[in-house]
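Inspection log for the structure reproduced underneath, given as structure tokens.
Residue numbers (my numbering), protein chains in the order written: chain A, 3 to 272; chain B, 653 to 955.
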């Protein structure tokens, strides 16, 4: 359909608009976070780090940041371990109804988060997990598990079971055959799952909003209550920090994938 | 292990005469690794399935058994209005996403590798940033003293700031930005697999570009349109953050109503009934779209 020249221009225009629409809001946040104006103004009159100072100098922000990190790390590790376990079990366990089990484990991704949040809130109050670090960790583990399982299961389906059978024939135990043959092959997917669950847990708001208390409060919940009050440029500074964190994690993932792809290529050719 | 898998593939297995016969057979052929699903499944059952089940049950049991919460939902115009809002906003967001997403996905599928990579990068940007950060960005842009109003007044297009936030415009703009990738990516994966020989054949047979697109290309792309639209629609139904921050009093969606019923009024029964409605709406949408958009004659595309 190359003859539709006018249409080609329309498409190009839409793609440019899309780029602006996607990038501009974030770019403006980053710019405003370095503003020297005493309130939100665009374009900013000058450069200053005052909003970062007001972020890192405020014990409330630092405490909520530390809560977020304390929740994120165990939750991501837990989700990665459990997600990988379920992927291996589903791919190799010869389970009847394996797809049903996989579907069930994906449920937290499909069910609207508000329902999950309300349900967990109700239960956690009864179980005395409301407003605790442990409660947040458990909830975030369940929320991020589907992502790890989905990526790892896709990788497991690419690894031929015969590879492990070959190792067994050559005298390896089941345990070492898994760790030395299958696991290295699915490792990129496992790490991607880990990184994703770190980011998802760090950015999670709705469930945390329900189950956190003023004394145990992740940074996103603190931002939420601040944003509702006023549009303060400190939030722009925090948003930039959060954004940089996600960007950094994605960059690691990208670099890791590239190097592992390169390694796979060189090992094939040698 | 290997023998078993060979035996399994050898032919149709005889139908088990007794249910426990089949059960024992299944249990015997289980690989030891099947046990690995037990801990994650147990966690999910305790922390997700049980609480959600408990929540949904309360719609008919709290404080007494009966359908009183559903009756209340239908009788009060306030609540019907929220349900209507939810559907209208979700539908608007889906339509806007489709209108912008289709040309972009088309360009991605038929562009040079460089342009394609750039567009994929742009489309994936929202995945890198939290919903809260992006919604905050729209607050900065859209508010009365915000960037867009400043620029429009600066140019002289407006005398006084336009109301772009705390109304429908704000909600739709914010939600579309978040949902566009969810429309574009499934659409793109279908468009890239459409065999260009179909459109070439149609052109050879005398179809003009518009007719060719409408009669050949568009029908072939329907599974992508359906998947993208369905995902955007069902995710929109449960939206909370964006309408809460960018919407006004008239744009309350069902998720906000659920939150309010629980946190402000402690009315679990009514919140639960709303959750049932939300979940039911989600399931019905999935079912409908699959029925409509995946007619049998298009199934070959999935291979």
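Note that the Cβ used here is the ideal one computed from N, Cα and C, for glycine as well.
Quantities reported herein were computed from a predicted structural model and do not represent experimental measurements.
{"Item": "Proximal residues of chain B, C-beta to C-beta of residue 27 (chain A) below 8 Å", "Value": "786, 789, 790, 792, 793, 829"}
{"Item": "Member of A:47, A:242, A:246 whose CA lies at the smallest distance from the CA of residue 35 (chain A)", "Value": "A:242"}
{"Item": "Partners in chain A for residue 850 (chain B), counting only beta-carbon separations shorter than 7 Å", "Value": "Those do not exist, as residue 850 (chain B) stays about 12 Å from chain A at its closest Cβ, beyond 7 Å."}
{"Item": "Below-9 Å beta-carbon distance, residue 16 (chain A) vs any chain B residue", "Value": "yes"}
{"Item": "Residues of the segment 895-915 of chain B with Cβ closer than 7 Å to any Cβ of chain A, in chain order", "Value": "897, 907, 910, 911, 914"}
{"Item": "Coarse secondary structure for residue 917 (chain B), derived from DSSP in three states", "Value": "coil"}
{"Item": "Short CB-CB distance (under 9 Å) between residue 259 (chain A) and chain E", "Value": "The structure shown contains no chain E; its protein chains are A and B."}
{"Item": "Reduced DSSP secondary structure (H/G/I, E/B, other) of residue 217 (chain A)", "Value": "coil"}
{"Item": "Inter-residue spacing [alpha-carbon to alpha-carbon] between residue 662 (chain B) and residue 94 (chain A)", "Value": "Unreliable positioning characterises residue 662 (chain B) in this predicted model, as indicated by a pLDDT of 49, which lies under 50. A coordinate reading is not provided."}
{"Item": "C-beta neighbour in chain A for residue 740 (chain B), strict 9 Å", "Value": "no"}
{"Item": "Inter-stretch contact at 8 Å, needing at least 3 Cβ pairs: the segment 687-694 of chain B / the segment 886-898 of chain B", "Value": "no"}
{"Item": "Neighbouring residues, chain A, relative to residue 892 (chain B) (Cβ below 8 Å)", "Value": "115, 116, 208"}
{"Item": "Where residue 41 (chain A) falls, given that 16 or more other Cβ within 10 Å makes a residue buried", "Value": "exposed"}
{"Item": "Buried or exposed by the 16-neighbour rule on C-beta atoms within 10 Å, applied to residue 885 (chain B)", "Value": "buried"}
{"Item": "Top-ranked residue by Cα proximity to residue 249 (chain A), from A:221, A:236, A:165, A:28", "Value": "A:28"}
{"Item": "Three or more C-beta pairs below 8 Å linking the segment 694-708 of chain B and the segment 139-153 of chain A", "Value": "yes"}
{"Item": "Stretch pair the segment 832-845 of chain B + the segment 750-757 of chain B: three plus CB contacts closer than 8 Å", "Value": "yes"}
{"Item": "Beta-carbon contacts of residue 757 (chain B) that lie in its chain and below 7 Å, excluding the five residues immediately before and after", "Value": "836, 839, 840, 843"}
{"Item": "Sub-9 Å separation of residue 749 (chain B) and residue 923 (chain B) beta-carbons", "Value": "no"}
{"Item": "Nearest-angstrom beta carbon gap, residue 816 (chain B) and residue 800 (chain B) [assumed within contact, 8 Å]", "Value": "6 Å"}
{"Item": "Residue 49 (chain A) (DSSP reduced to helix, strand or coil)", "Value": "strand"}
{"Item": "Host alpha helix (DSSP H) of residue 905 (chain B) (start-end)", "Value": "No alpha helix (DSSP H) contains residue 905 (chain B), which DSSP labels as neither H nor E."}
{"Item": "The segment 64-76 of chain A in contact with the segment 211-230 of chain A per 3-pair CB rule at 8 Å", "Value": "yes"}
{"Item": "Validate contact between the segment 105-116 of chain A and the segment 161-174 of chain A using beta carbons, cut 8 Å, 3 pairs", "Value": "no"}
{"Item": "Beta-carbon proximity of residue 921 (chain B) to residue 764 (chain B), cut-off 9 Å", "Value": "no"}
{"Item": "Per-residue contacts from residue 685 (chain B) into chain A (C-beta, under 7 Å)", "Value": "90, 91, 94, 95"}
{"Item": "Where residue 781 (chain B) meets chain A, residues with beta-carbon distance less than 7 Å", "Value": "28, 245, 248"}
{"Item": "Expected contact under 8 Å - CB spacing of residue 151 (chain A) and residue 191 (chain A) to nearest Å", "Value": "At roughly 10 Å, the Cβ-Cβ gap does not stay under 8 Å, so residue 151 (chain A) and residue 191 (chain A) are not in contact."}
{"Item": "Best match in B:876, B:935, B:705 for proximity to residue 120 (chain A) [C-alpha to C-alpha]", "Value": "B:705"}
{"Item": "Bridge partner(s) assigned by DSSP for residue 37 (chain A)", "Value": "A:49"}
{"Item": "Helix, strand or coil at residue 42 (chain A) [DSSP, three-state]", "Value": "coil"}
{"Item": "Pick from B:725, B:676, B:694, B:680 that is closest to residue 913 (chain B), judged by C-alpha positions", "Value": "B:725"}
{"Item": "Near-chain B residues of the segment 145-173 of chain A (beta-carbon distance less than 8 Å), N- to C-terminal order", "Value": "147, 151, 167"}
{"Item": "Nearest candidate by alpha-carbon position, reference residue 988 (chain B), set A:70, A:76, A:189, A:99", "Value": "A query on residue 988 (chain B) cannot be resolved here, the shown segment of chain B reaching from 653 to 955 and no further."}
{"Item": "Exposed unless 16 or more other CB atoms sit within 10 angstroms - verdict on residue 91 (chain A)", "Value": "buried"}
{"Item": "Under 9 Å by beta carbon: chain A residues contacting residue 745 (chain B)", "Value": "Going along chain A, no residue has its Cβ under 9 Å from residue 745 (chain B), so there is no contact; the nearest lies around 14 Å."}
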